[in-house]
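Enquirer: Just dropping this structure here.
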Amino acid sequence: MNPALKFLVHLDRRWVFLLMALAVMIPIIWRMEFPEIPTPLVRTVFDRIESLPEGSRILLAFDYDPGSEPELQPMASAWTWHCAKKKHKLYFLALWPVGPQMIQATVDSVLKRDYPQMRYGEDYVNLGYKSGNEGVIKVVVSNLKELYTTDHFGTAINDIPLTRDLVNIRGMDLILNVSAGYPGTKEWIQYASTPYNIPIAGGCTGVQAPLLYPYIPNQMFGLLGAIKGAAEYEKALSDQYPEYARDAAGKRRPEFTKGIERMGPQLIAHCVVLGLIVLGNVILALHRRALRAA
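Oh and the sequence shown: position 209 is 313 in this note's numbering, straight run, nothing missing.
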């Protein structure tokens, strides 16, 4: 048997583990980034938000937790920034217990930083979390104030300008749902979007995306799938609004390009995995041929 082939056949698997570790670590350390081209699913969502008239009412449902934050927060931040840029009215709520914390973190990092002129209660409101899963959706599409008597901070709904005359969510111009699972995008489609013809777009984890594709395009017009979808949306935003990705001095704003940054190690790692699969099959074929020849 060829010495090189023999070496590869008996190669310690720990070298493979080391190679994978380097494939992830090097892009992170060097902040390696690669070009992103928004796919039609992502572009459709961007264009819909872009085309809505100023003052449109958008419901942002943040149904995720800190465990899925690295994958979903970039798209939540991008959507919030874009909606604020277009001067839409933002209604935040959550079907997950820690959703209000995700909402507040987004408000602090996006609205209060880039849009300090936006006033709470007049331009955006955090309705917080209510238990009940899809039952919450069934209530808010008919009578929101039956369930929400106060916002997340305890202020009476009727004392908040944005919600004073709000009867239900049927009048929303758009629903944007960031979802890590159940309850999430599927439930918003089934109990709000489809029955009442409210346009909806979703942003979800990678494992959830294949379950939502069948709803496109009839019941859901667009979808951001995992960190890849977030990176594509960040690219669309930065192309249209350079100030999103860079400050006045031209310096990159890493807090708003996390999706693009996180695609670097993911892309390199995937390429290494594919290369190892091909190499492994080649080695196996050569090894079998060498055994038959012997």
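All C-beta atoms, glycine included, are put in the ideal place defined by N, C-alpha and C.
Count the CB pairs spanning the stretch 200–219 and the stretch 375–392 that are closer than 8 Å, and state whether there are at least three.
Expert: Because the criterion of three Cβ pairs below 8 Å is not met, the stretch 200–219 and the stretch 375–392 do not touch.
Enquirer: Contact defined as beta carbons within less than 8 Å: I believe Ala-373 pairs with Val-128. What is the distance between those atoms, to the nearest angstrom?
Expert: To locate residue 373, count along the sequence shown from 1; it is residue 269. To locate residue 128, count along the sequence shown from 1; it is residue 24. That pair is a contact at about 5 Å.
Enquirer: Label Arg-366 either buried or exposed according to how many other C-beta atoms from any shown protein chain fall within 10 Å of its C-beta, with 16 as the threshold for buried.
Expert: Working through the sequence shown from its first residue, we reach residue 366 at position 262. Flag for Arg-366 reads buried.
Enquirer: Can you tell me whether Asn-262 is buried or exposed, with buried defined as 16 or more other CB within 10 angstroms of its CB?
Expert: Sequence index remark: in the sequence shown, residue 262 carries index 158 (1-based). Exposed is the call here.
Enquirer: Can you have a look at Asp-167 and say buried or exposed, based on whether 16 or more other CB atoms are within 10 angstroms of its CB?
Expert: In the sequence shown, the residue the question calls residue 167 occupies position 63. Burial call: buried.
Enquirer: Could you give the DSSP three-state label for Lys-110: helix, strand or coil?
Expert: Start at 1 with the first residue of the sequence shown, and residue 110 comes out as number 6. Lys-110: helix per DSSP, three-state reduction.
Enquirer: Could you pull out every residue in the same chain whose Cβ sits closer than 8 Å to the Cβ of Tyr-317, ignoring the five residues on either side in sequence?
Expert: The residue labelled residue 317 in the question sits at position 213 within the sequence shown. So the list reads Leu-327, once near-sequence residues are dropped.
Enquirer: So, with DSSP's three-state summary, where would you put Ala-260?
Expert: Your numbering for residue 260 matches position 156 in the sequence shown. Strand.
Enquirer: Which class does Phe-166 belong to by DSSP, given the choice of helix, strand or coil?
Expert: Counting from one through the sequence shown, the residue named residue 166 turns up at place 62. If DSSP states are grouped into helix, strand and coil, Phe-166 belongs with the strands.
Enquirer: If you reduce the DSSP assignment to three classes, tell me which class Phe-121 lands in.
Expert: For this step, residue 121 is matched to residue 17 along the sequence shown. Helix.
Enquirer: Could you pull the DSSP bridge partners for Asn-58 from this structure?
Expert: Nothing about residue 58 can be read from this structure; the chain reaches only from 105 to 398.
Enquirer: Three or more beta-carbon pairs under 8 Å between the stretch 327–336 and the stretch 174–181, yes or no?
Expert: With the cut-off at 8 Å, the stretch 327–336 and the stretch 174–181 touch.
Enquirer: Indicate whether the contact test is met: 3 or more Cβ pairs, each with one atom in the stretch 283–295 and one in the stretch 254–274, closer than 8 Å.
Expert: With the cut-off at 8 Å, the stretch 283–295 and the stretch 254–274 do not touch.
Enquirer: Ordered along the chain, which non-local residues of its own chain (more than five positions away) have a Cβ less than 7 Å from that of Tyr-300?
Expert: What you label residue 300 is simply residue 196 of the sequence shown in a count that begins at 1. Counting only Cβ-Cβ distances below 7 Å, and skipping sequence neighbours, we find Val-245 and Arg-274.
Enquirer: Using 8 Å as the threshold, is the stretch 156–173 in touch with the stretch 127–143, meaning 3 or more CB pairs across them?
Expert: Too few Cβ pairs lie closer than 8 Å, so no.
Enquirer: Mapping the DSSP letters down to three states, classify Leu-156 as helix, strand or coil.
Expert: Indexing the sequence shown from 1 puts residue 156 at position 52. Of the three classes helix, strand and coil, the one that applies to Leu-156 here is coil, per DSSP.
Enquirer: Pick from Ala-305, Tyr-295 and Gly-354: whose alpha carbon is nearest that of Leu-164?
Expert: Within the sequence shown, residue 164 is the residue found at index 60, counting from 1. Out of Ala-305, Tyr-295 and Gly-354, Ala-305 has the C-alpha closest to the C-alpha of Leu-164.
Enquirer: Classify Glu-291 as buried or exposed, calling it buried when 16 or more other Cβ atoms lie within 10 Å of its own Cβ.
Expert: Taking the first residue of the sequence shown as 1, we reach residue 291 at position 187. Looking at its Cβ environment, which holds 16 or more other Cβ atoms inside 10 Å, Glu-291 is buried.
Enquirer: Between which two residues does the beta strand (DSSP E) containing Val-377 stretch?
Expert: For the purposes of this step, residue 377 is identified with residue 273 of the sequence shown, where counting begins at 1. Val-377 -> not in any beta strand (DSSP E); alpha helix (DSSP H) instead, spanning 362–397.
Enquirer: Select from Asp-116, Val-120, Ala-108 and Asn-106 the residue whose C-alpha is nearest the C-alpha of Ile-381.
Expert: Numbered from 1 along the sequence shown, position 277 holds the residue referred to as residue 381. Nearest C-alpha to Ile-381: Val-120.
Enquirer: Just tell me which of Lys-189, Trp-200 and Pro-321 has its CA closest to the CA of Tyr-96.
Expert: For residue 96 there is no data in the structure shown, the boundaries of the chain being 105 and 398.
Enquirer: Between the C-alpha atoms of Gly-258 and Val-229, what's the straight-line distance to the nearest angstrom?
Expert: Here residue 258 refers to the residue found at position 154 of the sequence shown. Here residue 229 refers to the residue found at position 125 of the sequence shown. Cα to Cα, the separation comes out at about 12 Å.
Enquirer: Once the 5 residues before and after Arg-356 are set aside, which same chain residues still bring their CB inside 8 Å of it?
Expert: Translated into the one-based positions of the sequence shown, residue 356 becomes position 252. Counting only Cβ-Cβ distances below 8 Å, and skipping sequence neighbours, we find Ala-349 and Arg-350.
Enquirer: For Ala-260, which residues from the same chain have a beta carbon less than 6 Å from its beta carbon, with the 5 sequence-adjacent residues on both sides left out?
Expert: Walking along the sequence shown from the start, residue 260 turns up at place 156. Counting only Cβ-Cβ distances below 6 Å, and skipping sequence neighbours, we find Thr-254.
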